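Here is the structure we will look at.
Numbering (this note's numbering), first residue to last: 783 to 936.
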C-alpha cells in the first residue's frame with residue numbers, strides 16, 4: 783500500500799493585488815501585498831520596506847481594498863477570495879503584539895450567475911457606505927457597510 787503526502791514547498795511569490803495606506807497605525811505608511819493565499823504587511827521606512835506580518839488566508843485573494851470610514855484614524859481592509867468569500871479586517875496593536883481582527887465576513891456568491899471572464903472588480907464609495915462588486919457578467923452587487931453588522935451579504 784502506498785501513501786502520498788502533498789505539500790507546498792515554497793510560499794507564493796506572484797503579487798495578485800496590492801494596497802498602500804495607514805493599516806497598522808495612523809502614523810505608519812504600509813504596503814499590503816496579496817500573494818495568492820497569503821497577505822503580507824510591510825512598513826514603508828526611509829531605508830526601505832520592513833516586513834511586519836504575514837497571514838495565511840483560506841482562499842485565493844482576488845480583490846483587496848483599503849478604506850477609511852469617516853471618523854476613524856486607521857484604514858480597514860476589504861478582501862474577496864476566488865470563491866466569493868468576503869471579509870473586512872482591522873489591525874489591532876497591543877504593545878508589541880499585532881493582531882489582525884475580522885470585523886465582518888460572509889459569502890457573496892450567486893448560484894445562477896455566470897462568473898465574469900475579465901475577473902472580479904471591487905470598489906468602495908468615498909463615504910464608506912457601500913461596497914460595489916462586479917463578480918458576474920451583467921450583475922453589479924452592492925454590500926452595505928455598517929459597523930454593527932458582522933455578516934457581509936448582498
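Glycine included, each C-beta is placed from N, C-alpha and C at the ideal position. Since the model is a prediction, treat every value here as computed from it, not as a measurement.
For residue 918, the enclosing beta strand (DSSP E) stretches over residues 912-918. Between the region 885-901 and the region 812-822, the count of C-beta pairs closer than 8 angstroms stays below three; the two stretches do not touch. Contact check for residue 799 and residue 837: beta-carbon distance about 14 angstroms, past the 8 angstroms limit, so the pair fails to qualify. The beta carbons of residue 848 and residue 801 sit about 5 angstroms from each other, so the pair counts as a contact at 8 angstroms. If you ignore the 5 residues before and after residue 796, its C-beta comes within less than 8 angstroms of the C-beta of 817 and 818, all in its own chain and listed in chain order. Assigned with DSSP and collapsed to three states, residue 935 falls in coil, not helix or strand. Of the residues assessed, residue 909 falls on the exposed side of the cut-off, its CB having fewer than 16 other CB atoms within 10 angstroms. Around the CB of residue 877, fewer than 16 other CB atoms lie within 10 Å, so the residue is classed as exposed.
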